[in-house]
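Line by line, the protein sequences give chains X and S. Heads up: the first sequence at position 80 corresponds to 80 in my numbering, and the numbers run straight through without jumps. Heads up: the second sequence at position 105 corresponds to 217 in my numbering, and the numbers run straight through without jumps.
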Amino acid sequence: QKEVEQDPGPLSVPEGAIVSLNCTYSNSAFQYFMWYRQYSRKGPELLMYTYSSGNKEDGRFTAQVDKSSKYISLFIRDSQPSDSATYLCAMISIQGAQKLVFGQGTRLTINP
Amino acid sequence: DTEVTQTPKHLVMGMTNKKSLKCEQHMGHRAMYWYKQKAKKPPELMFVYSYEKLSINESVPSRFSPECPNSSLLNLHLHALQPEDSALYLCASSQEGGLAGKETQYFGPGTRLLVL
Chain X
1 QKEVEQDPGP LSVPEGAIVS LNCTYSNSAF QYFMWYRQYS RKGPELLMYT YSSGNKEDGR
61 FTAQVDKSSK YISLFIRDSQ PSDSATYLCA MISIQGAQKL VFGQGTRLTI NP
Chain S
113 DTEVTQTPKH LVMGMTNKKS LKCEQHMGHR AMYWYKQKAK KPPELMFVYS YEKLSINESV
173 PSRFSPECPN SSLLNLHLHA LQPEDSALYL CASSQEGGLA GKETQYFGPG TRLLVL
């Protein structure tokens with residue numbers, strides 16, 4: 001079992017839809033959570049960084065963390081074609097070597 | 113400014129060549145990272161430098177040799193690579209390589225490497 005599970009998709013939705021992207025994890029030592037967006041042939045770009053359980057909002061993006069269920073989500077409101085990219089969840093454990101552990105990434109396409 | 117720059121953008125090399133990838137950041141970050149990313153896969157950590165010292169080597173073959181000349185620069189020297197080493201090589205940096213908000217990693221655009 002992978003430490004971080006993320007559905008690779010692909011996920012295709014119409015423009016304007018609300019998108020929900022999710023990751024689950026098995027290691028309760030993961031305490032810091034990030035979402036990266038990666039356009040084709042580019043480096044990952046940090047979108048959201050969260051620590052506490054609950055919601056964090058930034059513009060059209062909302063990151064949600066539920067540590068009790070070991071489940072994190074990224075919501076995109078009013079999705080735009082420019083949101084088409086691969087979205088990677090990533091997390092860091094407070095134990096051992098503090099390395100980023102990535103999910104597989106979800107390929108998202110927003111159709112005009 | 114959260115910019116990490118990498119050169120070159122693209123690199124084609126033969127299996128007998130020696131080349132170097134370069135990474136630079138001017139955010140005052142003290143931790144720098146090399147990742148390898150294959151198509152449709154997440155980045156895989158290769159090396160971590162913290163305060164200019166190698167702190168993590170993820171059992172990377174010796175044909176990859178990292179170097180951190182100063183706190184702003186990170187190099188990856190390549191020698192006798194194999195075709196399966198073709199990938200996107202990403203550099204990243206973070207404030208200190210520690211916890212609590214300081215661990216946010218900022219990635220460069222990557223160098224796309226093709227080994228023939």
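Every residue, glycine too, gets a C-beta built ideally from N, C-alpha and C.
- Around the beta carbon of residue 94 of chain X, fewer than 16 other beta carbons sit within 10 angstroms, so the residue counts as exposed.
- Interface with chain X (8 Å Cβ-Cβ cutoff): residue 186 of chain S is excluded.
- In this model, residue 176 of chain S and residue 112 of chain X are separated by some 43 Å (Cα to Cα).
- With a 10 Å radius around the Cβ and a threshold of 16 neighbouring Cβ atoms, residue 43 of chain X comes out buried.
- Below the 7 Å Cβ cutoff, chain S contributes 215 as neighbours of residue 92 of chain X, in chain order.
- Taking 7 Å as the upper bound on Cβ-Cβ separation, chain S lies near residues 98, 99, 100, 102, 103, 104, 105 of the segment 98-109 of chain X.
- When DSSP reads this structure, residue 135 of chain S sits in a beta bridge with S:118, S:186.
- Inclusion of residue 73 of chain X and residue 20 of chain X in the CB contact set at 8 Å is warranted, their separation being smaller than that value.
- By the criterion of a C-beta distance shorter than 7 Å, residue 12 of chain X is surrounded in its chain by 109, 111, once the five residues flanking it on both sides are discounted.
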